[in-house]
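Chemist:
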Amino acid sequence: MSIRLAHQTLLAIAFFGLACCLPAKEQSRSDLFQGVMEHSDDEMSRYRYLLTTLPQLSREDKAVALQFLAATENELGLYSEAVRDFPLRSQPMQRVDVPRASDWEAVDAVDAIVKLAGERRIVMVNEAHHDAHTRILTLALLPKLRAAGFNYFAAEALDGQDTDLSSRGFPVARSGSEYLHEPIYGDILREAIRLGFKIVPYETVGHAGQQREDGQAKNLYERVFAKDPEARLFVHAGYAHIDKARGRLGPVTPMAERLQQLTGIPPLSIDQTDIREDEPVSELDAATRAESEYITSNSLLSARATTRQLLGTPSQKTYQHPNLDIYEQILSHFHLDKPFVLRNRSSGAIWSARPKAYDVSVILPIGNNRMSSYAQGPVNLRLGDRRFAIMPPASAGERPKWLTLDGTRKPVPVSTQPCRSSIPCLVEAHYADEPDNAIAADRYVFVQDRQQNVLYLRPGRFRIRYVDADGHMLGELQTEVSD
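Note that the sequence shown covers residues 107 to 589 in this note's numbering.
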């Protein structure tokens with residue numbers, strides 16, 4: 107196994123924490139991991155592998171495969187589908203006093219964080235790896251923090267092998283882990299390079315648990331503060347790596363706490379994953395009904411139901427997850443159509459659900475308001491010489507509006523016509539001056555023929571490519587998006 111493949115496998119295990127604790131035959135789980143990693147560099151190939159492998163897996167391994175599928179869907183621009191297909195939940199919080207509108211107000215998260223960053227030397231923001239909605243905050247913060255004097259940007263998805271990244275100006279498929287293949291992540295790095303940040307890879311290779319946290323902190327210290335004692339560092343990490351106290355990682359001391367010990371600098375830690383829309387309202391009723399109506403004919407639905415049961419969420423009527431309940435309560439009292447934080451009306455303090463672990467809780471608005479309906483039954487997708495029943499597109503195929511990136515990107519119509527009835531069909535837009543192996547500006551997968559949708563693109567010139575499930579290009583066209 108190559109260093110890169112071992113690194114990717116470790117990232118997958120670290121991301122999919124459930125995979126480490128579900129009972130299953132070790133060889134079966136190992137085969138699944140190996141199969142996924144053999145398709146790690148090609149999302150469409152990995153998508154096909156997972157869809158065709160799911161029906162053959164055990165009950166527990168289906169749940170693990172669904173985690174991989176959700177991450178792959180996210181990389182392919184199927185954002186609502188990714189959140190639907192794996193309702194990943196944070197560790198439940200108990201005895202959290204939900205802020206009341208009489209005492210707190212919702213304010214723009216970017217403005218509040220920039221103000222808090224003031225004299226800080228380290229700012230950390232986390233993400234849920236299968237939900238690109240948790241990446242738009244970092245993208246919006248980059249120019250503000252650069253203007254405030256931050257000069258280093260560290261991204262967990264980078265592996266350090268791409269030494270030409272900064273001089274090239276954009277990431278390519280082999281610049282880091284699979285997370286980086288998702289278009290918003292690609293734009294984060296483009297923007298950081300354009301703004302003049304020094305780009306810092308800090309992920310460890312071949313380690314997990316405490317060794318991984320220690321290695322990440324050590325890399326950040328040695329690559330930033332040991333060389334530049336006056337540095338100001340912005341870190342984009344996953345989940346509880348940004349915590350400044352033990353808890354969400356069990357007995358493991360998180361990376362942020364270890365970095366503070368090494369540098370003596372307390373980071374400003376921003377959480378987006380604890381209180382989020384992990385079970386979309388637009389999906390819950392429709393998907394639950396579909397599970398009961400045609401679950402036996404659909405391996406994806408069967409896997410989804412299994413995952414919900416293994417996570418302790420059998421149905422909407424019999425279970426309320428504490429974190430989701432807090433999210434719903436907050437949205438019922440506070441309304442903002444962009445990432446927001448809660449500020450105390452009297453003291454001006456910013457609310458944190460776990461103040462010992464992180465400084466700020468960022469609340470994202472609902473990702474997609476379009477309700478789903480699966481009354482038509484499953485989509486029968488032909489892959490090779492067989493058909494596989496999969497769930498129809500989430501939210502009736504409508505992509506989330508947050509993809510406009512606060513109006514900086516415009517919807518560009520695309521259809522299946524250039525796919526020539528070869529379904530599934532990937533349509534992706536590349537900046538005209540970047541090669542095909544650059545991370546796409548946006549992408550989407552059609553799973554039904556004779557359909558239309560949109561890509562969200564910035565003003566400029568683009569090359570739109572259509573690719574089949576085997577990676578063969580079906581067509582290409584040029585387009586220009588006006589201001």
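Glycine residues also receive a C-beta, built at the ideal position from the N, C-alpha and C atoms.
1. Classify N475 as buried or exposed, calling it buried when 16 or more other Cβ atoms lie within 10 Å of its own Cβ.
2. Please confirm if the segment 272–290 is in contact with the segment 534–546, defined as three or more CB-CB distances below 8 Å between the two stretches.
3. Assign L326 to one of three DSSP states: helix, strand, or coil.
4. How big is the Cα-Cα spacing for S208 and I496?
5. Between the alpha carbons of G141 and R154, how many angstroms are there, rounded?
6. Taking the alpha carbon of I294 as the point to measure from, which residue in A337, V231, S453, Q322 has its own alpha carbon closest?
7. DSSP state of D589, grouped into three classes?
8. Do you know how far the Cα of L448 is from the Cα of P249?
9. Determine the DSSP secondary structure at V573, reduced to helix, strand or coil.
10. Could you spell out where the beta strand (DSSP E) holding Y550 opens and where it closes?
11. Do you know how far the Cα of L489 is from the Cα of L182?
12. Let's test the definition: count the other Cβ atoms within 10 Å of the Cβ of L583 and tell me whether it reaches 16, buried, or not, exposed.
13. Give the DSSP-derived three-state secondary structure of L390 in the structure shown.
14. What number of angstroms, rounded off, separates the C-alpha of W210 from the C-alpha of A253?
15. Given that a residue counts as buried once 16 or more other Cβ atoms are within 10 Å of its Cβ, and exposed if not, what is R201?
16. What are the start and end residues of the alpha helix (DSSP H) that includes S273?
17. Tell me Q584's beta-bridge partners as DSSP assigns them.
18. Should K423 be labelled buried (16 or more other beta-carbon atoms within 10 Å of its own) or exposed?
19. When the Cα atoms are used, what is the spatial distance from L251 to E319?
20. Can at least three beta-carbon pairs, one atom from the segment 384–396 and one from the segment 338–358, be found at a separation below 8 Å?
21. Rounded to the nearest angstrom, what separates A393 and D265 at their Cα positions?
22. Does DSSP put Y258 in a helix, a strand or coil?
23. Let me know the secondary structure DSSP gives C127 once reduced to three states.
24. Should Q173 be labelled buried (16 or more other beta-carbon atoms within 10 Å of its own) or exposed?
25. Within its chain, find whatever has a CB closer than 7 Å to the CB of R526; leave out the 5 residues flanking it on each side and keep chain order.
26. Could you compute how far the alpha carbon of P373 sits from the alpha carbon of F256?
27. Pick helix, strand or coil for V202, following the three-state DSSP scheme.
28. Between which two residues does the alpha helix (DSSP H) harbouring N450 extend?
29. Using the beta-carbon count (16 or more within 10 Å), is A125 buried or exposed?
30. So, are the CB atoms of T532 and L157 less than 8 Å apart?
31. Report the three-state DSSP secondary structure of V358 (helix, strand or coil).
32. By the DSSP assignment, the alpha helix (DSSP H) with D167 in it spans what residues?
Modeler: Based on what the coordinates show:
1. That one is exposed.
2. yes
3. Under the three-state reduction of DSSP, L326 is assigned to helix.
4. One Cα belongs to S208, the other to I496, and the distance between them is close to 46 Å.
5. Between the C-alpha atoms of G141 and R154 there is a straight-line separation of about 11 Å.
6. For the options A337, V231, S453, Q322, the alpha carbon positioned closest to that of I294 is the one of V231.
7. Assigned with DSSP and collapsed to three states, D589 falls in coil, not helix or strand.
8. Separation of P249 and L448 (C-alpha to C-alpha, rounded to the nearest whole angstrom) is 23 Å.
9. Three-state DSSP puts V573 in a strand.
10. 548–552
11. 17 Å
12. By the neighbour-count rule (16 or more Cβ atoms within 10 Å), L583 is not buried but exposed.
13. helix
14. Computed Cα separation, rounded: 29 Å.
15. Here R201 is exposed: its Cβ has fewer than 16 other Cβ atoms, across all protein chains shown, within 10 Å.
16. 271–274
17. Looking at the DSSP assignment, Q584 forms a beta bridge with R569.
18. Confidence in K423 is poor, its pLDDT being 37 and thus under 50, which makes the residue's placement too unreliable to answer from.
19. 25 Å
20. no
21. 37 Å
22. strand
23. Residue confidence for C127 is low, a pLDDT of 41 falling below 50, so the modelled location carries little weight; the figure read from the coordinates is stated next. C127 falls in the coil class under three-state DSSP.
24. By the Cβ neighbour-count rule, Q173 is buried, with 16 or more other Cβ atoms within 10 Å of its own.
25. L580
26. 13 Å
27. coil
28. Element bounds for N450: not the alpha helix (DSSP H) but the beta strand (DSSP E), 446–450.
29. Caution is warranted here: a pLDDT of 39 is assigned to A125, below 50, making its placement in the model unreliable, and the coordinate value is therefore given only provisionally. Buried.
30. Inspection of the sequence shows that residue 532 is occupied by Leu rather than by Thr. Going by C-beta atoms, L532 is not nearer than 8 Å to L157.
31. V358: coil per DSSP, three-state reduction.
32. From DSSP, the alpha helix (DSSP H) with D167 extends over 165–181.
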